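Numbering (the working numbering), first residue to last: 3 to 170. Quick notes on the structure that follows.
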Ligand SMILES: Nc1ncnc2c1ncn2[C@@H]1O[C@H](COP(=O)(O)OP(=O)(O)OP(=O)(O)O)[C@@H](O)[C@H]1O
Ligand SMILES: [Mg+2]
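Shown next, in the form of structure tokens:
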């Protein structure tokens, strides 16, 4: 009789859904995740125009220890913020086309152990991203925003666990 393969240990906690009432609540939730972040982490921010992706990035940066202003990188594609132990890369790929991917050296950034990446409009770059990343999906909900979080491995699981640790 051949022994059955052991079931793999769960790599990440299951998805979480929250409603943020007001932009400060979006920031506060994001700050919890940012406070847990480390170099090498990747967070995809997906959602329609005006769903709160940049607002989320502002809270995340605050939680990660950045004291300054975080503005939308829409026209710059990327903005970088120096943290104590890592660099926060805030990307907005809305205007990036697949054919331009090789010109912007994103793969190096995703693979940089000192880079924390927050990616608005991540679709175009998904195929060059590491598998283990936190997916955040934002949507409008009657004057508020619905935030859906899913982790796909131990690294993003650690970020997601920040939301399960206590009262939000
Ligand atoms: N939880 C919330 N409840 C209500 N309004 C919110 C909430 N979170 C963010 N907003 C508001 O939504 C608006 C759009 O936010 P933001 O610029 O962050 O969206 P975005 O997804 O980055 O947009 P874009 O697609 O243009 O980059 C802002 O006015 C912000 O204050
Ligand atoms: Mg934005």
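Note that the Cβ used here is the ideal one computed from N, Cα and C, for glycine as well. Everything numeric in this text was worked out from a predicted model, so none of it was measured.
Only buried fits residue 108, as 16 or more other CB atoms lie within 10 angstroms of its CB. Contact between residue 45 and residue 143 fails: their C-beta atoms lie close to 21 Å from each other, not under 8 Å.
Rounded to whole angstroms, the gap between the alpha carbons of residue 156 and residue 16 is 12 Å. Counting only beta-carbon distances shorter than 7 Å to the non-hydrogen atoms of ligand 2, the qualifying residues in chain order are 55, 56, 74, 76, 94 and 122.
Of the candidates 153, 151, 145 and 138, the residue whose Cα lies closest to the Cα of residue 48 is 138. Of the residues 39, 32 and 69, the one whose Cα lies closest to the Cα of residue 56 is 32. The beta-carbon distance between residue 95 and residue 123, rounded to whole angstroms, is 5 Å. This is short enough to meet the 8 Å contact definition. Out of 127, 58, 41 and 27, the CA that lies nearest to the CA of residue 114 is found in 41. The C-beta distance from residue 62 to residue 120 rounds to 6 Å, short enough to meet the 8 Å contact threshold. Exclusion of residue 34 from the 6 Å shell around ligand 1 follows from its C-beta lying no nearer than that to any non-hydrogen atom of the ligand.
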